[in-house]
Each structure stands twice: as C-alpha cells, then as structure tokens.
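Have a look at the structure below, then the notes.
Residue numbers (this note's numbering), protein chains in the order written: chain A, 1 to 209; chain B, 1 to 209.
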C-alpha cells in the first residue's frame, strides 16, 4: 500500500478535513462541530456524530468556566494525562484525578462503593469551579447525580462518556436529567480518550486561534 | 431507567459475560478471546472482533516476553499510564513513553519527522527485550518497520493499533509484513485505550489466576 505524503504538521489538519468531508458537517451546529470532529478524530468512530448530546448553551458555559481557571476532575489517570497541558497552562486550568488516592480507596471500601464514586465525593472538596469528566465509570455519574441533588457540588459542566456494559446507558440517562450543563455520549460507547478529546476540543477553542 | 444492582467487585465479570454472550465466543480462538473481549470492554465496540489480527503463535511469544521482564514502549503517555501497574510489578515488566523527552523533540525537528517516529529511534536504545505498543501514531509503525528491516531493533511483539485517517490503514498493512510478531487492529480504529487494553489482557493471563 502506498503511503500519502503528508508533513507531520499537516496530519491533524488533513485528518479533520477527511472527517469533515465524511461527516457532511453542515448538518451539525457550528458551535458543536469542533467537539464532534475531535471525538471522531480520537476514535475513528462516526457513531459519535449521532450519540453526542449537548445541553442548551453548554459550549458557551464550558468556555466561560475554562476562562475562569476551572479544575477538571477526571475518573481515570488516562483521561487526566490526555488533556493538553500547554492549553491548560495558557488558561490557568488544572486537571486532577483522585483514583490513586489512599483516602479514596478507604472511603470506597467503607461505603461498599466503587473508587470512582468515592472520587466524586472527594470532588466536592475541590475549591473553586469544577468540570467533571467521566470516561470510564458509570458509578461516578450515578453518585454525582446524588451529590448535585443534595447540593454538595455544582459543576460548571459534566462530560459523561463512560464506556461499557453495566449501567452505562442508564447512568447517562440519569445525568442528562440532573439539571447540570452536560456533554454526554449516549449508549455504551465512550472512554477516557473521548473524555480527554472533549476537554481538548473546548480548550483549543480558546487557545488555538 | 432502572439501574442494575451489581456489586463493584462484580462489574467487570458481568461486563465480560455480556460481551461473551453478544460475541458468541465459540467462534474465536481460545488463546485470543481474552484479548478480543478486553478490547471490546474498553471500547464497547464489537468491530474489534472482526478487525483484530494476530500473527502465528503471537500470544505465546508475548507471554514469554512478559515472563522475562520486557520493557513496553508506548507512543503516548495515555497508553503508558493505562497499563496495569500491579500486574507489571508482579512480572518485573516496565512501561515507558518517550514522547515528552527533549532529545526526542530535537531529533524529530532535525529529521523533519514526527515525535512518535523519533520515539521509535529511541526505543532502539532500550536494553533488553521490548514490546512496542502503538495506539496513536501511524508514523511510529512506519518508522519501526524501517528500523526492524535495518536490524536496529527486534521487538518481541508489536501492538499496532493507531487510530485515524492519514496513513493509519496503510501503516498497519506495512507492519503486518515486517516479519515481527504482531497484534494489529486493521482499519482506522484503535487508540491508546486499545493499546493499553491489549497489554493488560496479556498481563492478566499471567497474573490473574
């Protein structure tokens, strides 16, 4: 097979062009198209053009949050490390993941819950505005819904893209009714890569001009 | 929607059961089924049952490499951090990624190539046996093919699952002809999560009995 001759600096631009051509991008809202395309870029899966759901005005709200130096709390170290460091530095944004913290393990064990659910409890203690980005654990979204309803946390944005087979579909339905600004991939698909890609698409809207 | 009542410790087992039921697991080789199922577990994408390709005897060769304390070289920090630490410790295996190394950036700039291709050159300097796990950059696979042919590296296993739209399909075709033991996801799909999942499926074969 013959390789295309594309310079390193042009690979991403050419990829986005191909995605745009195959997507017929006119069908998707201008504000959302960068996010949909970046998720497809990271997954090569055009299903996301159909499954990504956005609450009203969520993109503007997310950008406002990023501008005020939000903390992004992820449910996996993979998602956390996948968020663009240079972009976060420019914005004064930081990303954290509590999954390896001993106090989270202890809390999960005591409550008979998952580490990811216990991470959401720890997220309530973060100072300042937070974005919650869930790419793995539906139990995190379910616990987050409870914590929001109890008034313990009020996230600027919830990225709800856990992946899998047990309570994943249900957890996404739940969080879309919580009343928080959300970007959710309905169905079983998602992942840490998708969570990071959505964060990056939002960050690049502000930092790559 | 009603949540299923599944205990945290049972979520993964129940997920694998569902995947097995939907997959009709009898159709896939016994040795490979754990790998295929774990990739579907991490992606919720049954396409991989059809696209994952294994060179002859690759699973046995990969397990032998893991038993002798191989170094896994990844092309992303996401894949690197996604490989199970406890499993690696048990086996004396380590995972490294050179993507943030200043000498790699300098080499890529000088050669007009990608960082990922320069990482493969650095991988040639790793002492002892190596597994190369590529979840992002087709340019890494293309450079790796050249380095193997030049006798500069002889990996125990190449996990070739880059994702994307420019030279991704082609790079996978190339590496399957290089003459190295491989596990490759043909087509556009793949990712850092898929690369890590394949590493973990192999590690768990030896560490979870």
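Where is the CB? At the ideal position from N, CA and C, for every residue including glycine.
Predicted model only: the values in this text are computed from it and were never measured.
Check the Cβ of residue 170 of chain A against every Cβ in chain B and list those closer than 8 Å, keeping chain order. Contact note: residue 170 of chain A reaches chain B through 1, 2, 3 and 4, using a C-beta cutoff of 8 Å and chain order.
Short CB-CB distance (under 8 Å) between residue 176 of chain B and chain A: Answer no: the Cβ-Cβ gap between residue 176 of chain B and chain A never drops below 8 Å.
Roughly how many angstroms lie between the CA atoms of residue 23 of chain B and residue 156 of chain B, to the nearest whole one? In this structure, the alpha-carbon of residue 23 of chain B lies about 29 Å from that of residue 156 of chain B.
Please list, in chain order, all residues of the same chain as residue 80 of chain B whose beta carbon is under 6 Å from its beta carbon, the five residues on each side excluded. Taken in chain order, the residues that qualify are 74, 95 and 97.
Are the region 51-69 of chain B and the region 146-164 of chain B touching by the rule of at least three beta carbon pairs closer than 8 Å? These segments touch.
Are any of the Cβ atoms in chain A nearer than 8 Å to that of residue 81 of chain B? For residue 81 of chain B, the closest Cβ of chain A is nearer than 8 Å.
Taking residue 71 of chain A as part of the alpha helix (DSSP H), name the residues at either end of that continuous run. Unbroken run through residue 71 of chain A is the beta strand (DSSP E), 71-74; no alpha helix (DSSP H).
Check distances from the C-beta atoms of the region 10-42 of chain B to those of chain A and list, in chain order, the residues that come in under 8 Å. So the close ones are 11, 14, 15, 18, 19, 41 and 42.
Neighbour list for residue 59 of chain A in chain B, Cβ cutoff strictly below 8 Å: None at all; the shortest Cβ gap to chain B is about 24 Å.
Find the residues of chain A that neighbour residue 165 of chain B, judging by a C-beta separation of less than 8 Å, and give them in chain order. Those within 8 Å of residue 165 of chain B in chain A are 14, 15, 18, 19, 41 and 44.
Proximal residues, the region 108-122 of chain B versus chain A, C-beta separation under 7 Å: For the region 108-122 of chain B, which is checked against every Cβ of chain A, the residues closer than 7 Å are 113 and 114.
Closer than 8 Å by C-beta to residue 198 of chain B: which residues in its own chain qualify, once you throw out the five before and the five after it? Chain order, please. These residues qualify, in order along the chain: 35, 38, 39, 133, 159, 161 and 183.
Length-filtered (4 minimum) alpha helix (DSSP H) runs lying within the region 147-202 of chain A: Fully enclosed alpha helix (DSSP H) runs of 4 or longer: 168-175.
I'd like the ranges of any alpha helix (DSSP H) spanning at least 4 consecutive residues and lying wholly in the region 98-130 of chain A. Here the runs fully enclosed are 102-111 and 115-123.
Under a three-way DSSP split, which group does residue 44 of chain B fall into? Looking at residue 44 of chain B - three-state DSSP - the assignment turns out to be coil, as it is neither helix nor strand.
Along the alpha helix (DSSP H) that carries residue 63 of chain B, what are the first and last residues, could you check? That run of the alpha helix (DSSP H) goes 58-67.
7 Å CB neighbourhood of residue 47 of chain A in its chain, flanking five on each side removed: Excluding residues within five positions, the ones whose Cβ falls inside 7 Å are 189.
Between which two residues does the alpha helix (DSSP H) holding residue 7 of chain A run? No alpha helix (DSSP H) holds residue 7 of chain A; DSSP gives it neither H nor E.
Which partner residues does residue 53 of chain A have in the DSSP bridge list? Secondary-structure assignment with DSSP links residue 53 of chain A through a beta bridge to A/184.
Option in B/30, B/17, B/63 and B/60 with minimal Cα separation from residue 232 of chain B: This structure leaves residue 232 of chain B out entirely; chain B is present only between 1 and 209.
When you check each C-beta in the region 129-145 of chain B against every C-beta of chain A, which residues fall closer than 8 Å? Of all residues in the region 129-145 of chain B, 139 and 142 have a Cβ within less than 8 Å of some Cβ in chain A.
Closer than 8 Å to chain D by CB, residue 102 of chain B: Looking for chain D here will not work: the only protein chains present are A and B.
From which residue to which residue does the alpha helix (DSSP H) around residue 81 of chain B run? For residue 81 of chain B, the enclosing alpha helix (DSSP H) starts and ends at 77-82.
Range covered by the alpha helix (DSSP H) that runs through residue 87 of chain A: Per DSSP, the unbroken alpha helix (DSSP H) holding residue 87 of chain A starts and ends at 85-91.
Might you give, ordered along the chain, the residues of its own chain that have their beta carbon closer than 8 Å to the beta carbon of residue 200 of chain B, omitting 5 neighbours on each side? If the five residues before and after residue 200 of chain B are omitted, its C-beta is found closer than 8 Å to the C-beta atoms of 38, 82, 83, 84 and 87, all from its own chain and listed in chain order.
Using the C-alpha atoms, what's the distance from residue 145 of chain B back to residue 175 of chain A? Between residue 175 of chain A and residue 145 of chain B, the C-alpha separation is close to 46 Å.
So, residue 139 of chain A versus residue 105 of chain A, is the Cβ gap smaller than 8 Å? Their beta carbons are not under 8 Å apart, which means residue 139 of chain A does not touch residue 105 of chain A by this criterion.
How many whole angstroms separate the CB atoms of residue 194 of chain A and residue 135 of chain A, which I take to be in contact at a CB cut-off of 8 Å? At roughly 6 Å, the Cβ-Cβ gap stays under 8 Å, so residue 194 of chain A and residue 135 of chain A are in contact.
Nonlocal neighbours in the same chain, by C-beta distance under 7 Å from residue 137 of chain B, ignoring five residues either side: For residue 137 of chain B, where only same-chain residues beyond five positions count, the Cβ hits under 7 Å are 75, 114, 116 and 162.
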